[in-house]
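Read the structure below first, then the notes.
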Ligand SMILES: *Cc1c(COP(=O)(O)O)cnc(C)c1O
């Protein structure tokens, strides 16, 4: 049997007719950028998250870049971020001229809130809470620290559409939240897309100005040097269709994860557990295995594709050589990079496929 790590066609097929109808509608409308689909999506997504405002942008990376810019985080400023973050999280910080300060992850593979305080100094301006793999960081502790030291909290929700912390949706907890609608995300578009949610209308206005060349109006009056970072009508329209089914899609992921958690039975394979207080939308189903590379090759030999999220931590990337870090500086992130493996997880995954993956995992050499 051939099983891909992700299979986006299956998710499309679940509601194909509705997507086709919406695409046709947008094509027929004759209006393709910043129109009614984007306006309606922004309203619907803000309401789903429980935030006062939402502004669409072109990608998750742009959302991060714009968020730090709006908060005034730049040169000589520091931002706390987990050492096993996705590279885009760090780039959103450094594109503004600020410095990432890495904090090791905890046993839930997310920012260890107990290790943040020792890294805070007079230059620290913000904490970037990346809700990695589908579960929430400890937002209670993070907010307490932010209040104590007067820091901003930015949430990276690119892997957390529908995730909650103590019953409140991620993306409505920090000062500003960044979203990606890259096709593989739980709420994925059919191309690139992103958004920023916030309760502060002033931040929201700033996003709208920056995303449109620094102009408040649609055309030709520019107050600041902005960007072209807009969610387009086609993506917004298709996202409106998918948003209606997001909770259902996340439940299906939970059903698959439930089977993995219950039926994977191997001394060398440790599925990542979920932090008490958070739910999990299983953007990825991650296992840790000390023989990860062998496991990955073995699964591939049996037709099962898996992915490593992520094989090189940001501090060891060539792009960040000038930060001056070396191997050994963040041993937990480095260990995780050698151990983590994301199992196949996608909407529309069939029971016989789940059976097959579990059976092969349990037969891995002991
Ligand atoms: C995907 C992702 C991003 C970047 O989003 P893009 O839309 O691909 O730019 C940022 N942070 C995290 C945690 C992500 O998973």
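Numbering (our numbering), first residue to last: 311 to 676. Ideal Cβ placement from N, Cα and C applies to all residues, glycine included. Bear in mind the structure is a predicted one, so any value in this text is a computation, not a measurement.
Asked	Found
Is there a Cβ of chain D sitting closer than 7 Å to that of residue 403, yes or no?	Included in the structure is just one protein chain, with no chain D present.
Could you check whether the Cβ of residue 568 sits closer than 6 Å to any heavy atom belonging to ligand 1?	no
Report the partner residues of residue 548 according to the DSSP bridge assignment.	Looking at the DSSP assignment, residue 548 forms no beta bridge with any residue, so it has no partner.
Looking at the unbroken alpha helix (DSSP H) that takes in residue 641, where does it start and where does it end?	641-649
Would residue 516 be called buried (16 or more neighbouring beta carbons within 10 Å of its own) or exposed?	buried
When we look at the beta-carbon of residue 526 and count the other beta-carbons within 10 Å, is it buried (16 or more) or exposed?	exposed
Residues in its own chain within less than 7 Å of residue 312 by CB, not counting five upstream and five downstream?	613
Between which two residues does the beta strand (DSSP E) containing residue 464 stretch?	462-466
For residue 590, I'd like the list of residues in its chain whose CB is within less than 6 Å of its CB, leaving aside the five on either flank, ordered along the chain.	444, 445 and 584
Only counting the same chain, and skipping five residues up and downstream in sequence, which positions put a Cβ closer than 6 Å to that of residue 426?	390, 413 and 455
By DSSP, does residue 388 sit in helix, in strand, or in coil?	strand
Have a look at residue 503 and residue 457 and give me their C-alpha separation to the nearest angstrom.	32 Å
Are the CB atoms of residue 635 and residue 625 within a distance shorter than 7 Å?	yes
Could you check the C-alpha separation between residue 627 and residue 492 for me, to the nearest Å?	23 Å
Measuring alpha carbon to alpha carbon, tell me which of 479, 362, 509 and 484 ends up nearest residue 451.	484
Could you compute how far the alpha carbon of residue 347 sits from the alpha carbon of residue 611?	45 Å
Might you give, ordered along the chain, the residues of its own chain that have their beta carbon closer than 7 Å to the beta carbon of residue 649, omitting 5 neighbours on each side?	598, 599, 600 and 602
With a 10 Å radius around its C-beta and 16 neighbouring C-beta atoms as the bar for buried, classify residue 560 as buried or exposed.	buried
Would a C-beta distance cut-off of 7 Å place residue 409 and residue 388 closer than the cut-off?	yes
CB residue 487 to CB residue 473, shorter than 7 Å?	no
Which full runs of the alpha helix (DSSP H) of 4+ residues lie inside the segment 571-649, going along the chain?	602-611 and 641-649
Taking the alpha-carbon of residue 617 as reference, which of 592, 630, 437 and 654 has the nearest alpha-carbon?	654
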